[in-house]
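Worksheet: the structure to be examined is printed underneath.
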Amino acid sequence: MTLIETFLESLGTLTLNKTRTGLAVLGIVIGIGSVIALVSLGQATQLSIQNQIESLGANLLTVNPGAPRTGAVRGAPGSDTTLTDEDATAIAASSQITTINSVSPEYSGRTQITTAGNNTNSSVIGAVSTYLTIHKLTIDSGRFISDTDNVNMSKVAVMGPTVALTLFPDGSSPIGQNIRIKGQTFTVIGVTVAKGGNGFNNVDNLIYIPLSTAQKQIFGVDYLSSIAIEAKSSDIMTTAQDEVGYFLLARHKISDPTKADFTIMSQQDILNTVSSTTGTFTALLSGIAAISLLVGGIGIMNIMLVTVTERTREIGLRKALGAKKTTITTQFLTESIILTFTGGIIGIILGIIISFVVAKLLGTLFFVSPGSILLAFVVSAGIGILFGWYPAKRASNLQPIEALRYE
Amino acid sequence: MVKSIIHASHLSKIYRTDIVETVALDDVSFDIQKGEFVAIMGPSGSGKSTLMHILGALDKPTTGEYILDGEEVENLSDDELSDIRNRKIGFVFQAFNLLPRTTALKNVMLPMAYADIPKEEREAIAIKYLKMVGLGDRMYHTSNQISGGQQQRVAIARSLVMNPALILADEPTGNIATAQAEEIMAIFQQLNDDGHTIVMITHEPDIAQHAKRIIHIRDGKIAEDSISHQQRIIKKTKSSK
Chain E
1 MTLIETFLES LGTLTLNKTR TGLAVLGIVI GIGSVIALVS LGQATQLSIQ NQIESLGANL
61 LTVNPGAPRT GAVRGAPGSD TTLTDEDATA IAASSQITTI NSVSPEYSGR TQITTAGNNT
121 NSSVIGAVST YLTIHKLTID SGRFISDTDN VNMSKVAVMG PTVALTLFPD GSSPIGQNIR
181 IKGQTFTVIG VTVAKGGNGF NNVDNLIYIP LSTAQKQIFG VDYLSSIAIE AKSSDIMTTA
241 QDEVGYFLLA RHKISDPTKA DFTIMSQQDI LNTVSSTTGT FTALLSGIAA ISLLVGGIGI
301 MNIMLVTVTE RTREIGLRKA LGAKKTTITT QFLTESIILT FTGGIIGIIL GIIISFVVAK
361 LLGTLFFVSP GSILLAFVVS AGIGILFGWY PAKRASNLQP IEALRYE
Chain R
408 MVKSIIHASH LSKIYRTDIV ETVALDDVSF DIQKGEFVAI MGPSGSGKST LMHILGALDK
468 PTTGEYILDG EEVENLSDDE LSDIRNRKIG FVFQAFNLLP RTTALKNVML PMAYADIPKE
528 EREAIAIKYL KMVGLGDRMY HTSNQISGGQ QQRVAIARSL VMNPALILAD EPTGNIATAQ
588 AEEIMAIFQQ LNDDGHTIVM ITHEPDIAQH AKRIIHIRDG KIAEDSISHQ QRIIKKTKSS
648 K
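Protein chains in written order, with the working numbering: chain E, 1 to 407; chain R, 408 to 648.
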């Protein structure tokens, strides 16, 4: 018998018992579908976060106070007081540091913001004029904080579009209106362009005020929570990181780099950390999906074993009429491969639909990697062979008389 | 000497379990020549089914020699036995054993598929034999859409397509109404007249009378090997003329 004939005959047999065939296929559909959907979601999330971080600036260095700690444990920003305005000024003025463009000293803290009728709790960032370019922000209306604002310790504020909408829900322009930050009245002078992003790191949900005002009037501190530095290009990040690092070590009179009282991270470092986290997350999801795929495969094996028992007489007859062991094995293997392949294809389609719907609902990227489709395809065929093998072998080893006698 | 289709010599079959040893077939020897129509008779438990399985290359004897149409059968592997059954033996079973929900035509074509005969040829041969057994108008009916007698005729057509050396029928009328059973026997007799060698297992004496020679099996041994009553009448008529 040719392979095409075997294929057609198996197809015919499978359509005879539609309910059972359907149920067997369903197991694989769910398995493959969830693999595709979960892997896609994981990868889409990873991609979204990467895009977001990259949009914050690929040549950005961030100096945080506090010693670099091993592992994932790091003190909360602001818990150390080792970075000062003078550090920032010195970095900007230093002739030893040749690889950087500009420096932005920053202080951020959370506090209550109110207007006449609304209030919100959001991060307030004390910034200087260089903040805008270093963090790749754009002003939608009004203006950003100027050097004069900082010198005069002006009570002016620039807000992200999300904050603007929360505080002024009627859609009126916030420019020129007053808001209260920790009980003190500020005049809104600008609104930034929406940058997108969700959950953590949402730059649309921030309020910017002059650094000097933030330190002295609002939070009562004389140190910085971070210094953002823009390197001249993203290729020389390591050099820039070293230059700034050694400069600060010298300034802080620390000879042993492992005892540094600050941490310098590049955007790439953050990206790597996040990637490894989301990578673990994706792997975890894939693992769960793989288990459901395994269960689906066992389902196929179960159905095939039932089929072999049920068709014992038929197998006996076929052997009596001249079917060889390999013929019977091929026939049953073909059936299980058809089952898993059909399940695989439907599962891939279902998985793509699910990832599309979820992406739309969550507003994340819709992304299905060709790799995961290929993997699903190979895996489903593999499961057909793996779990179909034992029942097929059992069928081919049936003795024709035993099989013919079987009632 | 005419070459025997079946040469069985000292066939024994012993079933062993942990506790008992059952001798199903005890030193049986006989020959069947081309063109014979032999009925093997015996009560249940006599060993006739065991003998039929050995003759059908479905089982191997414990000891003894079995030559089917010039080929030694007793030492072949499973796959070689499949091949022998496919080429040399046409089976007709008591329970018909057609593929369920499959057309008569496809059922008849099945043995040829295992012999790798091209598909177009298969169909032509199958149609020829279905017409021969009088089912030219039932070729596309599935096995559950036709009567028992018709199913058995499909099975007979199936047994013929490989032009086997031996047609082996196991209680071919056991599941069929009497009137239809006569039709089936008429087909067998016609086939025998055309030169086919037929071995039929049965426990019904009147069915056995359609054969030319009857072998009685009792307790695993040949109790009697004689020409049938019908043959005696024919012979008597011939000699009295």
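Every residue gets a Cβ at the ideal spot worked out from N, C-alpha and C, and that includes glycine.
{"Check": "Strictly by DSSP, which residues pair up with R:L505?", "Outcome": "In the DSSP output, where bridge partners are listed per residue, R:L505 has none listed."}
{"Check": "Hey, could you find the ends of the beta strand (DSSP E) E:G117 is sitting in?", "Outcome": "Here E:G117 belongs to no beta strand (DSSP E), and DSSP marks it neither H nor E."}
{"Check": "For a contact defined as C-beta to C-beta under 7 angstroms, what are the partners of E:L11 on chain R?", "Outcome": "Those within 7 angstroms of E:L11 in chain R number zero; the least Cβ separation is about 13 angstroms."}
{"Check": "Could you work out which residues of chain R lie near E:E314, taking near to mean beta carbons separated by less than 9 angstroms?", "Outcome": "N504, L506 and P507"}
{"Check": "Using a C-beta cutoff of 9 angstroms, does R:H603 count as contacting chain E?", "Outcome": "no"}
{"Check": "Strictly by DSSP, which residues pair up with E:A231?", "Outcome": "E:I100"}
{"Check": "Between R:K420, R:H548, R:K643 and R:E428, which lies nearest to R:L505 when the distance is taken from Cα to Cα?", "Outcome": "R:H548"}
{"Check": "Kindly give me the distance between the Cβ atoms of R:H460 and E:I401, rounded to whole angstroms, as I take these residues to be in contact under 8 angstroms.", "Outcome": "5 angstroms"}
{"Check": "Answer with buried or exposed for R:N482, where buried requires no fewer than 16 other C-beta atoms within 10 angstroms of its C-beta.", "Outcome": "exposed"}
{"Check": "Taking 8 angstroms as the line, does the beta carbon of R:N493 fall inside it for any heavy atom of the ligand FAD?", "Outcome": "Ligands are entirely absent from the displayed structure, and the ligand FAD is therefore not among its contents."}
{"Check": "Determine the direct distance from the alpha carbon of R:S484 to that of R:T470, and round the result to whole angstroms.", "Outcome": "16 angstroms"}
{"Check": "For R:G477 and E:L293, what's the separation of their Cα atoms in angstroms?", "Outcome": "54 angstroms"}
{"Check": "What would DSSP say about E:K155, mapped onto helix, strand or coil?", "Outcome": "coil"}
{"Check": "What residue from R:R639, R:S419 and R:G497 has the CA that sits closest to R:F595's CA?", "Outcome": "R:G497"}
{"Check": "List the DSSP bridge partners of R:Y422.", "Outcome": "R:T429"}
{"Check": "Which residues in chain R have a C-beta closer than 7 angstroms to the C-beta of E:A320? List them in chain order.", "Outcome": "L465, R492 and F498"}
{"Check": "Quick one: give me the first and last residue of the alpha helix (DSSP H) that R:V515 is part of.", "Outcome": "A511 to Y521"}
{"Check": "DSSP three-state call for E:V193: helix, strand or coil?", "Outcome": "coil"}
{"Check": "Ordered along the chain, which non-local residues of its own chain (more than five positions away) have a Cβ less than 7 angstroms from that of R:Q597?", "Outcome": "none"}
{"Check": "Let me check understanding here. Comparing Cα to Cα, which of E:A157, E:Y390, E:T84 and E:V63 lies closest to E:I300?", "Outcome": "E:Y390"}
{"Check": "Taking only beta-carbon positions, decide if R:R423 is within less than 9 angstroms of chain E.", "Outcome": "no"}
{"Check": "Relative to the C-alpha of R:I447, which residue among R:K628, R:R639, R:K643 and R:K642 is closest?", "Outcome": "R:K628"}
{"Check": "Find the residues of chain E that neighbour R:P518, judging by a C-beta separation of less than 8 angstroms, and give them in chain order.", "Outcome": "L321 and G322"}
{"Check": "Does the distance from the C-beta atom of E:G344 to that of E:A290 stay below 9 angstroms?", "Outcome": "no"}
{"Check": "Look at the alpha carbon of E:S266 and the alpha carbon of E:L61, and state the distance between them as a whole number of angstroms.", "Outcome": "4 angstroms"}
{"Check": "Considering Cα atoms alone, identify which of E:T187, E:A228 and E:L165 is closest to E:K136.", "Outcome": "E:A228"}
{"Check": "Listing by chain order, which chain R residues have their CB less than 7 angstroms from the CB of E:L14?", "Outcome": "Per Cβ cutoff of 7 angstroms: no residues; E:L14 is ~12 angstroms from chain R at best."}
{"Check": "For the beta strand (DSSP E) containing R:A576, list its first residue and its last residue.", "Outcome": "L573 to D577"}
{"Check": "Need the endpoints of the alpha helix (DSSP H) that E:E310 sits in, please.", "Outcome": "Q267 to E310"}
{"Check": "With a Cβ-Cβ cutoff of 9 angstroms, do R:L462 and R:Y473 count as a contact?", "Outcome": "yes"}
{"Check": "Are there three or more Cβ pairs, one per stretch, closer than 8 angstroms when the stretch 634-642 of chain R is compared with the stretch 607-626 of chain R?", "Outcome": "yes"}
{"Check": "Which stretch, first to last residue, makes up the alpha helix (DSSP H) that contains E:K18?", "Outcome": "K18 to S55"}
{"Check": "Hey, would you say E:I36 sits closer than 9 angstroms to E:T114, going by beta carbons?", "Outcome": "no"}
{"Check": "Can you say whether R:T424 is buried or exposed, counting buried as having 16 or more other CB atoms within 10 angstroms of its CB?", "Outcome": "exposed"}
{"Check": "Under 9 angstroms between the Cβ atoms of E:I349 and E:G296?", "Outcome": "no"}
{"Check": "Is there contact between the stretch 361-377 of chain E and the stretch 42-50 of chain E, where contact requires at least three CB pairs shorter than 8 angstroms?", "Outcome": "yes"}
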